[in-house]
Every structure is written in structure tokens, then in C-alpha cells.
Amino acid sequence: MQWGSPNTQSGLLGLFLLKHMYMKQLLFILSFLLVSTVSFGQQIQALSPDEEKTFDFAGENSMALGLESKIMLDSEGDLLVYFIPGDYPLRDVDSVTVTVGKTKKRFDALTPYLIKGIEKEVEINVTMYEKGDTLEFHASQAKTLSATVKVEPKPWITEDTVTFGLLAIVLALIFFTANSNNPGWKKFYGVIPALLLCYLIPGLLSTLGVISAEYSSLYTAAKNYLLPAALILMTVGIDFKGIINLGPKALIMFFTGTIGIVLGGPIAIWIYSLISPEVVGGVGEEATWRGMSTLAGSWIGGGANQMAMLELFDYKKSLFGKMIAVDIVVAQLWMIFLLWGAARHKMFDKWLKADGSAIEDLKKRMENYEAQNSRKPELKDYMLMLGITFGLVSFAHWASTHLGPFFESLTSSTNPMASEFFWLVVLCTIGALIYSATKVRKFEGAGASKLGSVFIYILVAVIGMKMDLQLAVEEPELILVGIIWMLFHALLLFAVAKWIRAPFFFLAVGSKANVGGAASAPVVAAAFHPSLASVGVLLAVLGYAIGSVAAIACAWMMGAVAP
Numbered sequence: 127m128q129w130g131s132p133n134t135q136s137g138l139l140g141l142f143l144l145k146h147m148y149m150k151q152l153l154f155i156l157s158f159l160l161v162s163t164v165s166f167g168q169q170i171q172a173l174s175p176d177e178e179k180t181f182d183f184a185g186e187n188s189m190a191l192g193l194e195s196k197i198m199l200d201s202e203g204d205l206l207v208y209f210i211p212g213d214y215p216l217r218d219v220d221s222v223t224v225t226v227g228k229t230k231k232r233f234d235a236l237t238p239y240l241i242k243g244i245e246k247e248v249e250i251n252v253t254m255y256e257k258g259d260t261l262e263f264h265a266s267q268a269k270t271l272s273a274t275v276k277v278e279p280k281p282w283i284t285e286d287t288v289t290f291g292l293l294a295i296v297l298a299l300i301f302f303t304a305n306s307n308n309p310g311w312k313k314f315y316g317v318i319p320a321l322l323l324c325y326l327i328p329g330l331l332s333t334l335g336v337i338s339a340e341y342s343s344l345y346t347a348a349k350n351y352l353l354p355a356a357l358i359l360m361t362v363g364i365d366f367k368g369i370i371n372l373g374p375k376a377l378i379m380f381f382t383g384t385i386g387i388v389l390g391g392p393i394a395i396w397i398y399s400l401i402s403p404e405v406v407g408g409v410g411e412e413a414t415w416r417g418m419s420t421l422a423g424s425w426i427g428g429g430a431n432q433m434a435m436l437e438l439f440d441y442k443k444s445l446f447g448k449m450i451a452v453d454i455v456v457a458q459l460w461m462i463f464l465l466w467g468a469a470r471h472k473m474f475d476k477w478l479k480a481d482g483s484a485i486e487d488l489k490k491r492m493e494n495y496e497a498q499n500s501r502k503p504e505l506k507d508y509m510l511m512l513g514i515t516f517g518l519v520s521f522a523h524w525a526s527t528h529l530g531p532f533f534e535s536l537t538s539s540t541n542p543m544a545s546e547f548f549w550l551v552v553l554c555t556i557g558a559l560i561y562s563a564t565k566v567r568k569f570e571g572a573g574a575s576k577l578g579s580v581f582i583y584i585l586v587a588v589i590g591m592k593m594d595l596q597l598a599v600e601e602p603e604l605i606l607v608g609i610i611w612m613l614f615h616a617l618l619l620f621a622v623a624k625w626i627r628a629p630f631f632f633l634a635v636g637s638k639a640n641v642g643g644a645a646s647a648p649v650v651a652a653a654f655h656p657s658l659a660s661v662g663v664l665l666a667v668l669g670y671a672i673g674s675v676a677a678i679a680c681a682w683m684m685g686a687v688a689p
């Protein structure tokens, strides 16, 4: 066949028409996508000097980028972004890039920008360029100014004073009913733990629009003041001599429990990554291992360390409800088993070939310890405890503002040691351990740990305001990951107890001193004998002391094995 033949020419004509038809369809699709992007994305408009003069800053939504990093809009709408005088360049720039969510636009100069059609949470970033280089905003000392804009309807209650009072009433009602002799309440709290209600009720109030964490600054205050204070008050009573007198088997079982939690986390994530990697995966602040770092904190030291891990590893607060569900379900299942086993401890001791005589000696020692240290607190005791506690908190805040930036300059901003909050937690724990070696330790007899528990429960209620209750039941597979984690912890405890012939009492209390902390370790200890409740407290205080460091190590390993 020759190129000049009629058949060849007809074929070429058909091919041309076919290509032309496909090109028209392709152009139509591209045009549709372009129109869709323009129609549904945020529109960014630069205000002229005349428009800026007539703009109603008081009556419209506006924010000063550089001074503010977050703003709440109570409904969908527009937002004016402007800049403080010191951030405007002294000379003309080549271009300014404004990014709002996925929408990006380039301008010739830095002026106020009107962002239209904000419907949900978006991130705003503004960057200046000259000859290809990024310029610095002098007053803000940053090369990019960023802010988060979130659309959240206003709740019924926006005043923190009223919100705090409402949370206090909720906590009071929970504790009143949880300790009631009414058979109905006893059955109710036999199914639903009081701690779970402390999270759920504030979350429910937030879901119903009564209160909102987005319009409250209570969390910031609780995190910066009550959390470190609770760490100090719950650690200051540690009695190293008393713990050593418990005998080596008690300490061995306690540290075995700690190791079981530290290693169990990464092992559980690794095992489940072979089954369903998406369950234990995730990136950024939504990464599952970051959320499970809060479980490590809770299961080695209790609520204070859990909150510390939540902040330190920056897990997304709206997803925290899922981890609370895992914490409650798995820990309660393990608690039920231990209480069941306490009633049958002789059977377990026989299988473990343990000598129970050490427990009788322990009862006598602890009865003497309680008699020597317990006393009725006076007003003076509370005032001194508050002064000693918050004095250390203030010092830790001051020191952390220097240590965080220093280590950031040596490593990177993603290193936990570059976090000021990391140093706040570490310095408060170290300071409390130093306190415990002085006469300050005697304040434990006046109720230091109880005062710390008050702070923790307030923090728990404030955290509950941030919970998204619907997300808490979206991934029940996370509970299976938690069960695998706890099974490894249990198997390691039984293996070591069998090896060293430790009584079941040491296994149970050593485990709950880790997993339950001071809230449940005394309950398990008292299930063996009421005078042994303080043994659980002593080991739980040791958990507070090492909880932060052990949980951080566990989190790092989970991050390393996570898919």
C-alpha cells in the first residue's frame, strides 16, 4: 500500500477525526475540573487601599496573621486576613503566595486578603519571595505566617467560669453516685466505670452543643498548671526504703509489668500490622502509634502520664476518644481477671509454687507504716502543699522555655527533647523525686496524692470536652490491638512469677500499679487484705516516677515498627 492511495488517505482522515473527537472530550473534562475547582475552592481576593479603608473590621470576621494563630468562625462565611505593621516589607517584593487549604494564589504585594467561602477547618499560609528567596516577616520572625481557621457553631455556654462550674458539678455527681450505697447505682457503676463517665459526660455535653472545647481556654490552663502539679503531688510521697522493704520479688514483678507494657505495645502493633496494617497505620497527628502512646502513659503511671503523652506526641484530640475506649475496655477486662484471681490466690500460689509467708510479714510492715504516716490534714498543710507544688511548676515552666529551644537548635523541632512540654514533665518529676528525699514526703500522709487526683479528674473532664464520641466506636479493632498488648503483659508476668516463685499477690499488684496506677492498685491489693492497700499505692507511686520515661521509650518503639 502506498501513502498516496485513496485507502491510505481515508485511513489518515479517520484517524484525524478520531483524535479530534477525543481531544474535544479531554478539553471538556479539563474545563469541567477547572470550573469545579474555581466554584468550590476558597476564593482569595487582595483588598485595594480604598477597599481596606471602607472595610468594617469590627463587624466582620478578621484576624491579624502573626499575632493570632487560630480563629473560630461560628458559621460559614468570609474572613479578612491582615498583617501587623512590622511584618510589611520595607521594599517591594517579587511575589506573595497565599495558600488556603488546597487553594493557592500568587499576588504582587503584601496586602490584606479577603478569603471567601470558608466552610470547615482550613490552614492559611502566607509567604513572601524576592529573587527566588523566601523573605522573613520581621516582627513575627518567621518566613511563613500560618493560622488555622475552623468553623464551629457557638455552644450555649461560652464563658469559662460557667463551663468550669458545670464540669465541677458533673464530677461531684459522678463521685457522689459512684460511692452511694443505693443498689441501683452499685449495679450501674459495676458495668460502667466512673472514670469513663468523667470523659463521656463532658463529651456528650459538647456533642449536644452545651459547651465546646473550641471556645474554651480551660484545657490550656489545665495542661500547663494542673497536670504538672498532679505529677508532683503523686510522686512526692514515694518511699524508696518502704518499696525496698517490700522485698525483691515485689519489685521484680512490678518492673516485669513495666517491661511487659513497654515491649507489648510495639509487639501488638507489629502483629496487627500483618493482619490489618491500616488499623495501626496513619500519618502525622492521626498516626495510631501516637494515640497508643497515651495507653503506654496510662498503663505505666496512670492518668497524669497519659495526658503527658497526649501532649508530647501530639495525637489528634478529636481521635482521643478511641484510645480512651481501648484504655477502659482492656484495663477493665484485666481488672476483672485480677479480682477474680485474688479470691483464688491460693490456687495460683500452688501452681506458681510460691511461699505465702512473705505476705503475712508484709501485712504487719504495712500496718506499721500506715500508723506512722497517716494524719489529719490542717489548713496549713494544704497551703504548704500548694506553695511547694506550684513553686516547682513555675520553675519548670521557666526552665523549659530555655531547654526546649536549646535542644531544638542541637537536633530538630520534631525531637521530643525540643518540646518545652517535655521538659516541663521531666523537671516536675525530677523535682518531685528530690522532694521525696526530704521532709516534704510527709505531706503524703496529709493527702498529697488525693489532691493530685483532684487535679487529674478536672483535667480528665476538660479533655472529655474535646472527645468526638462518634469516633470512639468507629474502630473496634483497636480494642483487639489493646488485648494483644495486655496478653503479652500477662504472659510475661506469669512466666517470671513461675520462674522466681512469686506469690500471685505480687503479680496482681505489680501489674495494676502499672496498668491502673493509684486508682486501682490499692483496690486489687485490698482484695487480698485491707491492710495491704497501701502496698498498691507505694508501687503505683513508683509507676508515676518512671511512667513518663518508660512510656516515651514504648512510643518510640511503636513508631519504629508502625506501618
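Numbering-wise, my numbering comes out as the position in the sequence shown, counting from 1, plus 126.
The C-beta atom is built at its ideal place from N, Cα and C for all residues, glycine as well.
Exercise. Quick one: what's K280 bridged to in DSSP?
Worked result: Here residue 280 corresponds to residue number 154 of the sequence shown, with the count starting at 1. Paired residues: none, contrary to the question.
For this session: Just mark M683 as buried or exposed, buried being the case when its beta carbon has 16 or more other beta carbons within 10 Å.
Result: By 1-based counting over the sequence shown, the position of residue 683 is 557. With 16 or more Cβ atoms within 10 Å of its Cβ, M683 is classed as buried.
Exercise. Quick one, which of L321, P403, L478 and A172 has its alpha-carbon nearest L205's?
Worked result: Within the sequence shown, numbered from 1, the residue matching residue 205 stands at position 79. Nearest option by C-alpha distance: A172.
For this session: Below 7 angstroms CB to CB, which residues in the same chain sit around K246 once its five sequence neighbours on both sides are set aside?
Result: Taking the sequence shown and counting its residues from 1, the one referred to as residue 246 is at position 120. Closer than 7 angstroms at Cβ, skipping near neighbours: V277.
Exercise. Apart from the five residues just before and just after Y345, which ones in its own chain have a Cβ nearer than 8 angstroms to its Cβ?
Worked result: For the purposes of this step, residue 345 is taken as the residue at position 219 of the sequence shown. Only A339, V588, I589, M591 and K592 meet the Cβ criterion.
Exercise. So, helix, strand or coil for N499, using DSSP?
Worked result: Translated into positions along the sequence shown, residue 499 becomes position 373. If DSSP states are grouped into helix, strand and coil, N499 belongs with the helices.
Exercise. Does the distance from the C-beta atom of G386 to that of L618 stay below 8 angstroms?
Worked result: Along the sequence shown, read from residue 1 onward, the residue named residue 386 stands at position 260. Along the sequence shown, read from residue 1 onward, the residue named residue 618 stands at position 492. For G386 and L618, yes; Cβs fall inside 8 angstroms.
Exercise. So is R501 buried or exposed if we call it buried at 16+ other beta carbons inside 10 Å?
Worked result: Position 375 of the sequence shown, counting from 1, holds the residue named residue 501. Exposed, since its Cβ has fewer than 16 Cβ neighbours within 10 Å.
For this session: Give the DSSP-derived three-state secondary structure of S399 in the structure shown.
Result: As a first step, residue 399 is located in the sequence shown; it is residue number 273 there, counting from the start. Looking at S399 - three-state DSSP - the assignment turns out to be helix.
Exercise. In terms of DSSP beta bridges, what is D259 paired with?
Worked result: Within the sequence shown, numbered from 1, the residue matching residue 259 stands at position 133. BP columns for D259 point to E256.
For this session: Throw me the rounded Cβ distance for the L633 and A623 pair, which I believe falls under 8 angstroms.
Result: Counting from 1 along the sequence shown, the entry for residue 633 is found at position 507. Counting from 1 along the sequence shown, the entry for residue 623 is found at position 497. At roughly 5 angstroms, the Cβ-Cβ gap stays under 8 angstroms, so L633 and A623 are in contact.
Exercise. Is the number of C-beta pairs between the region 544 to 562 and the region 296 to 305 that are closer than 8 angstroms three or more?
Worked result: no
Exercise. Can you name the start and end residues of the beta strand (DSSP E) that A190 belongs to?
Worked result: By one-based count along the sequence shown, residue 190 stands at place 64. Here the beta strand (DSSP E) through A190 covers S188 to L191.
For this session: Determine the extent of the beta strand (DSSP E) in which R232 is found, giving its start and end residues.
Result: The count along the sequence shown starts at 1 and reaches residue 232 at position 106. Its beta strand (DSSP E) spans residues T229 to F233.
Exercise. Quick one: what does DSSP say I170 is sitting in, helix, strand or coil?
Worked result: Residue 170 sits at position 44 when you count from the first residue of the sequence shown. I170 falls in the strand class under three-state DSSP.
Problem set entry | Cβ neighbour criterion (16 or more within 10 Å) applied to D453 | Mapped onto the sequence shown, residue 453 falls at position 327. D453 is buried by the Cβ-count criterion.
Exercise. Which two residues bound the contiguous alpha helix (DSSP H) that contains G203?
Worked result: The sequence position of residue 203 within the sequence shown is 77, counting from 1. Element bounds for G203: not the alpha helix (DSSP H) but the beta strand (DSSP E), G203 to F209.
For this session: Please classify Y239: does DSSP put it in a helix, a strand, or coil?
Result: In the sequence shown, residue 239 corresponds to position 113, counting from 1. Here Y239 sits in strand by DSSP.
For this session: Give the secondary structure of L617 by DSSP, where H, G and I count as helix, E and B as strand, and everything else as coil.
Result: In the sequence shown, the residue the question calls residue 617 occupies position 491. Here L617 sits in helix by DSSP.
For this session: Return the CA-CA distance between K565 and A666, expressed in angstroms with no decimal places.
Result: Translated into the one-based positions of the sequence shown, residue 565 becomes position 439. Translated into the one-based positions of the sequence shown, residue 666 becomes position 540. Those two C-alpha atoms are separated by around 21 angstroms.
Exercise. Which residues share a DSSP beta bridge with M198?
Worked result: On the sequence shown, residue 198 is found 72 positions in, with the first residue counted as 1. For M198, which the question treats as bridged, DSSP gives the partners K276.
For this session: Consult DSSP for E249 and reduce its assignment to one of helix, strand or coil.
Result: On the sequence shown, position 123 is the one that residue 249 refers to. It is a strand residue.
For this session: Pull up the DSSP beta-bridge partners for A587, would you.
Result: Against the sequence shown, residue 587 aligns to sequence position 461. BP columns for A587 are empty, so no partner.
For this session: State the Cα-Cα distance for the pair G467 and F474, rounded to the nearest angstrom.
Result: Here residue 467 refers to the residue found at position 341 when the sequence shown is read from its first residue. Here residue 474 refers to the residue found at position 348 when the sequence shown is read from its first residue. Computed Cα separation, rounded: 8 angstroms.
Problem set entry | Close-in-space but distant-in-sequence residues of the same chain around L323 (CB under 6 angstroms, 5 per side omitted) | The residue given as residue 323 occupies position 197 in the sequence shown. The answer, listed in chain order, is I300.
For this session: Tell me L271's beta-bridge partners as DSSP assigns them.
Result: For the purposes of this step, residue 271 is identified with residue 145 of the sequence shown, where counting begins at 1. Answer is V252.
Exercise. Is the Cβ-Cβ distance between F209 and G192 less than 8 angstroms?
Worked result: The residue labelled residue 209 in the question sits at position 83 within the sequence shown. The residue labelled residue 192 in the question sits at position 66 within the sequence shown. Yes.
Problem set entry | Top-ranked residue by Cα proximity to A677, from A355, M433, A268 and S221 | Mapped onto the sequence shown, residue 677 falls at position 551. The residue with the shortest Cα to Cα distance from A677 is M433.
Exercise. DSSP three-state call for T287: helix, strand or coil?
Worked result: By one-based count along the sequence shown, residue 287 stands at place 161. Reduced to three states, the DSSP call for T287 is helix.
Exercise. Which partner residues of S221 appear in the DSSP bridge assignment?
Worked result: Translated into positions along the sequence shown, residue 221 becomes position 95. DSSP, once it has assigned bridges, lists Y255 as partnering S221.
Exercise. Along the chain, where does the alpha helix (DSSP H) that runs through G517 open and close?
Worked result: In the sequence shown, the residue the question calls residue 517 occupies position 391. L505 to L536 is the extent of the alpha helix (DSSP H) around G517.
Exercise. Is the CB of Y239 under 8 angstroms away from at least one CB in chain B?
Worked result: Included in the structure is just one protein chain, with no chain B present.
For this session: Give the DSSP-derived three-state secondary structure of V226 in the structure shown.
Result: In the sequence shown, the residue the question calls residue 226 occupies position 100. DSSP places V226 in strand when its eight states are reduced to three.
For this session: Evaluate the contact criterion for the region 252 to 268 versus the region 281 to 290: three or more CB pairs, one atom per stretch, below 8 angstroms.
Result: no
For this session: Identify whether I672 lies in helix, strand or coil by the three-state DSSP scheme.
Result: Mapped onto the sequence shown, residue 672 falls at position 546. I672 falls in the helix class under three-state DSSP.
Problem set entry | Close beta carbons around E262, own chain, < 6 angstroms, minus the five adjacent residues each side | As a first step, residue 262 is located in the sequence shown; it is residue number 136 there, counting from the start. The residues are K269.
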